[in-house]
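For the record, the sequence lines run as chains A and B. Under this note's numbering, the residue at position 377 of the first sequence is numbered 377, and the numbers go up by one with no gaps. Under this note's numbering, the residue at position 55 of the second sequence is numbered 1055, and the numbers go up by one with no gaps. This report refers to the structure that appears directly beneath it.
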Amino acid sequence: MTMTPAAETYDFKTPSGVEIERYYGPDTHPVSQAELGEPGRYPFTRGIHATMYRGRLWTMRQYAGFGTAQETNQRFRWLLEEGQTGLSTAFDLPTQTGLDADHPAAAGEVGRVGVHVGTIADMETLFAEIPLDKVSTSLTINATAPILLAFYLAIAKRRGAAFESLRGTLQNDVLKEFLARGTYIFPPGPSLRFAVDAIVYSLKNLPLFNPISISGYHIREAGSDAVQEIAFTLANAEAYLKEIERRGIPPERSGERVAFFFGCHNHFLEEIAKFRAARRVWAKMMREDWGVKNPRAQMLRFHVQTCGSTLTSQQPLNNVMRTALQAMAATLGGAQSLHTNAYDEALALPSETSAALALKTQQILAYETGVADTADPAGGSWAIESLTTQLERRIREKIGDIRAKGGMIDLIARGVPQGEIHEKAYEHSREVESGRRKIVGVNCLAIPEKKGRLKTLKVAASAESSLKKALAAFKAKRNKAAVRESLDAVSRAAAQPSGDLFVPVLAAVQARATLGEIVATLREHFGEHRSS
Amino acid sequence: MVEGTASPYRILIAKPGLDGHDRGAKVIVRALRDAGFEVIYTGIRQTPEMIARAAIQEDVDAVGLSLLSGAHMTLFPRVASLLKEEGLGDILVFGGGIIPDEDFPLLRKKGIDRVFGPGTSLQSIVDYLKEALARRKQATDGKSKARKIKEGAKAAK
């Protein structure tokens, strides 16, 4: 029995539909030196730094969080002890949608997919004994991102950590919530205003902090292909830059602090090429289309997470291999930071065993394989260069099409990209169903496993009730008049059609207003977005 | 490929709770439609009450619940019990998402007829629905009339 795909039953196309040749060579696919450039030089095809990982390894940043702030603080400290070099906080859905632990709609969801942080006290506990001026921290949060940033800054202030020393990233990409992930609160207009308020405040006060991480990851996970992932993300970036520019900060400056986040899927060659193409597209967009001269603002800096949707619940240990290969593609693609998934994530949140192995996968890649020793080791491969050029062309065409149709904000409001992503998702499912796209252990070599259940993480059901109790105690101890006054100030700011919301929100969390109270105050003015 | 069928059954696919991941739910909607079912999709972030109301208004034969957030033990049984309270216990309730095997027996006890994990083939969901709904129809032919009468009485109020 042979598993080699026969030419007549298998079309050699990448998931984005790029035809793969039988072989690539200098005569059929010559490499353009001008397009390639050098590492650290425009158009940054070969990476954003001249020394790449020799100068600085990628940050090993595992997304983690569950239950109460105490539990997640323990997981954080354990990850740092295990050699992780940056933190990334996963928040639960009530935190993401602006509900306190005692809200009826939060029932069953508190502490489930991440940690619950509803008060300044929760944030204090989450980062207990973690030096904020030393550890770079990503707050993976969107619709409520400005409020979570306010909690973070408030505890930094109390601990005497200078704002100038804070490193990290606020995801704060609310546009992709409407596009792919669904965790929005207000309609798009006020959502964008709130996000950009936090960005503008950060650009003025937090010189080392990335106030937004514009995310293709969720677009890919919702079913898009690699071309759509990059095109929609870079088009979203244009929408943010325009709004930031309207507030008086030109892309020449804001471009330096805008970070990106992509997925890494299974097709090894296409994914390496995708990252290289994305860097080149962004550099050209910034220089040629926006007239940006600052090289730091032309560099596409990005975090990568291996794609969760590629993990299977069948034969779950196979996921270790998928993740390792995806991680290798991400590093060959020149990522600045990386999250590797745990093998049990198609079943539950990672256990301590699977989380440790996921981190060690990165460590083996960094210290044993040699991929970090030279910049862009895949560069110059006729196959990779040809794929990079073809993906670049398709991404640019797609962005041109988006601009011609009125830009992302308009298209998202009409549901156009959402529909395109869904088409791709359905196409993928049908290909898996028909066996045209092979997944080992699912529709190919699906040999039944010997029974023996994986031990998965259980989030204690007591997290919800203990958080409710803690919230009641927190509320009982605060100065009620000060809370009321601070919320009134937020309300007055929100009543204006424009003007900053971040400073009053920062004052409100310092007066010990809760996440739910601030969101409820804003909701009175902004209303709520409902899915159609 | 999903085999077609000329079934008149109506299915509500619903996303309870705060989870916005609906790639799977939307794929199921498409696959069931392609297989000949009439399918209504609620959209994301619905409360159990909203889902039960939609099931009644749309007069569906089955409700499929999709959830990836881990809140299924709270939200799935709540939908089933709301339907039962309305005298609509004959509506088939099934579910899917990131749900560990060990939760299946308790969910079944609480009225969730079947739970599908990640990687389930679309065809197996279609086959299950055809079979389970045909079985239900035979067993509860009289009861669905009672449901119509009850609804009629409500409308008259």
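For each residue, glycine too, the CB sits at the ideal point set by N, CA and C. Predicted model only: the values in this text are computed from it and were never measured.
Under a three-way DSSP split, which group does His428(A) fall into? As a first step, residue 428(A) is located in the first sequence; it is residue number 428 there, counting from the start. Helix at His428(A).
Checking 7 Å against the spacing of the C-beta atoms, do Gly108(A) and Asp92(A) come in under that value? Position 108 of the first sequence holds residue 108(A). Position 92 of the first sequence holds residue 92(A). No, these two residues do not count as a Cβ contact at 7 Å.
Would you mind telling me which residues of chain B sit closer than 8 Å to Gln314(A), beta carbon to beta carbon, in chain order? Working through the first sequence from its first residue, we reach residue 314(A) at position 314. What Gln314(A) touches in chain B: Gly1119.
Is it right to say Asn479(A) is buried, meaning 16 or more other beta carbons lie within 10 angstroms of its own, or is it exposed? Counting from 1 along the first sequence, the entry for residue 479(A) is found at position 479. Label assigned to Asn479(A): exposed.
Which residues of the stretch 1041-1067 of chain B have a Cβ closer than 8 Å to any Cβ of chain A? Give them in chain order. Here the close residues are Gly1043, Ile1044, Arg1045, Thr1047.
Length of the line joining the Cα atoms of Thr51(A) and Pro39(A): The residue labelled residue 51(A) in the question sits at position 51 within the first sequence. The residue labelled residue 39(A) in the question sits at position 39 within the first sequence. Taking the straight line from one Cα to the other gives about 7 Å.
Endpoints, beta strand (DSSP E) assigned at Thr544(A): A question about residue 544(A) goes unanswered here, because the residues of chain A that appear run from 1 up to 532.
Do you know how far the Cα of Ala1052(B) is from the Cα of Tyr184(A)? As a first step, residue 184(A) must be located in the first sequence, where it is residue number 184. As a first step, residue 1052(B) must be located in the second sequence, where it is residue number 52. About 24 Å.
Interface flag, Ala1014(B) vs chain E, CB-CB below 7 Å: The structure shown contains no chain E; its protein chains are A and B.
Can you name, in chain order, every residue of its own chain whose Cβ lies under 8 Å from the Cβ of Gly182(A), other than the five neighbours on each side? By one-based count along the first sequence, residue 182(A) stands at place 182. These residues qualify, in order along the chain: Ser531.
Status (buried if at least 16 other CB within 10 Å, exposed otherwise) for Pro146(A): In the first sequence, counting from the first residue as 1, residue 146(A) sits at position 146. Classification of Pro146(A): buried, given that the 10 Å Cβ count is 16 or more.
Can you find a C-beta in chain A that's less than 7 Å from the C-beta of Lys1130(B)? In the second sequence, counting from the first residue as 1, residue 1130(B) sits at position 130. Not closer than 7 Å to any Cβ of chain A, the Cβ of Lys1130(B) fails to qualify, so no.
Near Leu234(A), what residues of its chain come up, given a Cβ to Cβ distance below 7 Å and the 5 sequence neighbours on each side ignored? To locate residue 234(A), count along the first sequence from 1; it is residue 234. Hits under 7 Å: Val281, Trp282, Met285, Ile399.
Nearest-angstrom Cβ-Cβ length linking Lys176(A) and His218(A), presumed shorter than 8 Å: On the first sequence, position 176 is the one that residue 176(A) refers to. On the first sequence, position 218 is the one that residue 218(A) refers to. The pair is a contact, with the Cβ atoms about 5 Å apart (cut-off 8 Å).
Option nearest Phe163(A) by Cα separation, candidates Ala121(A), Phe186(A), Glu464(A), Ser136(A): By 1-based counting over the first sequence, the position of residue 163(A) is 163. It is Ser136(A).
On a CA-only basis, which of Ala161(A), Asn172(A), Arg167(A), Tyr24(A) is nearest Leu148(A)? Give me that one, please. Counted from its first residue, the first sequence places residue 148(A) at position 148. Here the closest residue by C-alpha is Asn172(A).
Tell me the residue span of the alpha helix (DSSP H) that contains Tyr42(A). Stepping through the first sequence from its first residue, residue 42(A) is reached at position 42. No alpha helix (DSSP H) holds Tyr42(A); DSSP gives it neither H nor E.
Name, in chain order, the residues that DSSP records as bridge partners for Thr59(A). For the purposes of this step, residue 59(A) is taken as residue 59 along the first sequence, with counting starting at 1. Looking at the DSSP assignment, Thr59(A) forms a beta bridge with Ser337(A).
Whole angstroms are fine: how far does the CA of Pro190(A) sit from the CA of Gln363(A)? One-based indexing of the first sequence puts residue 363(A) at position 363. One-based indexing of the first sequence puts residue 190(A) at position 190. Cα to Cα, the separation comes out at about 42 Å.
Sub-7 Å separation of Leu80(A) and Gln62(A) beta-carbons: Counting from one through the first sequence, the residue named residue 80(A) turns up at place 80. Counting from one through the first sequence, the residue named residue 62(A) turns up at place 62. Not a contact, by the Cβ cut-off of 7 Å.
In chain B, what lies closer than 7 Å to Tyr426(A) by C-beta? The residue labelled residue 426(A) in the question sits at position 426 within the first sequence. By Cβ distance, chain B contributes Val1027, Arg1030.
Per-residue burial, Asp401(A) [other beta carbons within 10 Å of its own, 16 or more giving buried]: To locate residue 401(A), count along the first sequence from 1; it is residue 401. Classification of Asp401(A): exposed, given that the 10 Å Cβ count is below 16.
Using DSSP bridges, identify the partner residues of Tyr1041(B). Counting from 1 along the second sequence, the entry for residue 1041(B) is found at position 41. Ile1013(B).
Boundaries of the alpha helix (DSSP H) in which Phe474(A) is found, first to last residue: To locate residue 474(A), count along the first sequence from 1; it is residue 474. Residues 462-477.
Entirely enclosed beta strand (DSSP E) segments - the stretch 51-137 of chain A, minimum 3 residues: 59-64, 86-90
Near-chain B residues of the stretch 343-359 of chain A - C-beta to any C-beta below 8 Å: Ala346, Leu347, Ala348, Leu349
Cross-chain neighbours of Leu149(A) in chain B, by beta carbon under 8 Å: For this step, residue 149(A) is matched to residue 149 along the first sequence. Under the 8 Å cutoff, chain B gives no residues; its nearest Cβ is about 21 Å from Leu149(A).
Go through its chain and collect everything with a Cβ distance to Glu1038(B)'s Cβ below 8 Å, but skip five positions before and after it. Indexing the second sequence from 1 puts residue 1038(B) at position 38. So the list reads Pro1008, Tyr1009, Arg1010, Ile1011, once near-sequence residues are dropped.
Within chain B, the residues that Phe113(A) reaches when beta carbons sit closer than 7 Å: The sequence position of residue 113(A) within the first sequence is 113, counting from 1. A quick correction: the sequence has Val, not Phe, at residue 113(A). Residues of chain B with a Cβ closer than 7 Å to the Cβ of Val113(A) are, in chain order, Ser1069, Gly1070.
Taking all protein chains shown into account, decide if Asp27(A) is buried (16 or more other Cβ within 10 angstroms of its Cβ) or exposed. Indexing the first sequence from 1 puts residue 27(A) at position 27. Per the 10 Å Cβ criterion, exposed.
Between the Cα of Glu1131(B) and the Cα atoms of Gly1119(B), Pro1118(B), Gly1089(B), Asp1113(B), which residue gives the shortest distance? One-based indexing of the second sequence puts residue 1131(B) at position 131. Nearest option by C-alpha distance: Asp1113(B).
Determine contact between the stretch 1095-1105 of chain B and the stretch 1062-1070 of chain B, defined as no fewer than three beta-carbon pairs at a distance below 8 Å. yes
Any chain A beta carbon closer than 7 Å to Pro1100(B): For the purposes of this step, residue 1100(B) is identified with residue 100 of the second sequence, where counting begins at 1. Judged by the 7 Å Cβ criterion, Pro1100(B) is in contact with chain A.
Where Ser498(A) and Arg193(A) are concerned, what is the direct C-alpha to C-alpha distance, given to the nearest angstrom? Here residue 498(A) refers to the residue found at position 498 when the first sequence is read from its first residue. Here residue 193(A) refers to the residue found at position 193 when the first sequence is read from its first residue. Ser498(A) and Arg193(A): Cα-Cα distance of roughly 8 Å.
Could you check how far apart the C-beta atoms of Glu420(A) and Gln228(A) are, in whole angstroms? I think they sit under 8 Å. For the purposes of this step, residue 420(A) is taken as the residue at position 420 of the first sequence. For the purposes of this step, residue 228(A) is taken as the residue at position 228 of the first sequence. Beta-carbon to beta-carbon, Glu420(A) and Gln228(A) are separated by about 7 Å, close enough to satisfy the 8 Å threshold.
Can you confirm whether the stretch 332-348 of chain A touches the stretch 293-312 of chain A when touching is taken to mean that 3 or more C-beta pairs between the two stretches lie within less than 8 Å? Yes, the stretch 293-312 of chain A touches the stretch 332-348 of chain A.
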